[in-house]
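In our numbering, the protein residues as written are 58 to 239.
Don't be surprised by glycine CBs; every beta carbon is placed ideally from N, CA and C.
Have a look at the structure below, then the notes.
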């Protein structure tokens, strides 16, 4: 895969993309094991924990990761097929308010993540270089298929760091960032 260029994505995605170091496909594949292993370290009774009254629970953060991956993968599919229709954005708050993630277990969310990511990897691994370079409009932003793969991987990294830092007040956030980059 050719390197990602800055003109392939809007600046709003930089926060996510910058957490992805190395081959994005390897990162996506590695997350199939590392993210569930991370979730296994969280006691089930902490799944409904919110670090502040108006913040999502840990289960809702994981649900948001699932929702976002589905949406970004759909965008990647549409753009890879050269579909030039502009796609609307989504309201993450509305999605969480209307979800039932709080009724689920951490284990079931982890299992769903594994199945979702494995299914998406079949799609991602079969994109040709020309398909990866195709761009489309979503949320009024021009983005390449390749950039969406980085967004998926980086979005998960971003929220994993947030869980560690804000939900568990970990002093090891810098170690976690370093671990994600290797």
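Cβ-based neighbour list, residue i, same chain, cut-off 6 Å, excluding 5 preceding and 5 following
i, result
"residue 108", "223 and 224"
"residue 146", "196"
"residue 104", "115, 116 and 163"
Residue i versus residue j - alpha carbon distance
i, j, result
"residue 61", "residue 131", "20 Å"
"residue 124", "residue 64", "26 Å"
"residue 203", "residue 110", "37 Å"
8 Å contact criterion, which residue i and residue j should meet: CB distance rounded
i, j, result
"residue 78", "residue 211", "10 Å between Cβ atoms; not a contact."
Pick from the options that is closest to residue i, judged by C-alpha positions
i, options, result
"residue 84", "126, 206 and 117", "206"
"residue 188", "198, 103 and 138", "138"
"residue 174", "200, 157 and 128", "128"
"residue 182", "73, 68, 134 and 95", "134"
"residue 177", "226, 73 and 89", "89"
"residue 81", "213, 221 and 218", "213"
Contacts around residue i, its chain only, beta-carbon distance under 7 Å, and the 5 residues preceding and following it disregarded
i, result
"residue 153", "113, 117, 120 and 121"
"residue 159", "105, 114, 116 and 117"
Close beta carbons around residue i, own chain, < 8 Å, minus the five adjacent residues each side
i, result
"residue 101", "162, 163 and 164"
"residue 149", "121, 124 and 125"
(request) Pick out the complete beta strand (DSSP E) segments inside the stretch 164-231, 3 residues or longer, and give them in chain order. (result) 192-195 and 198-201
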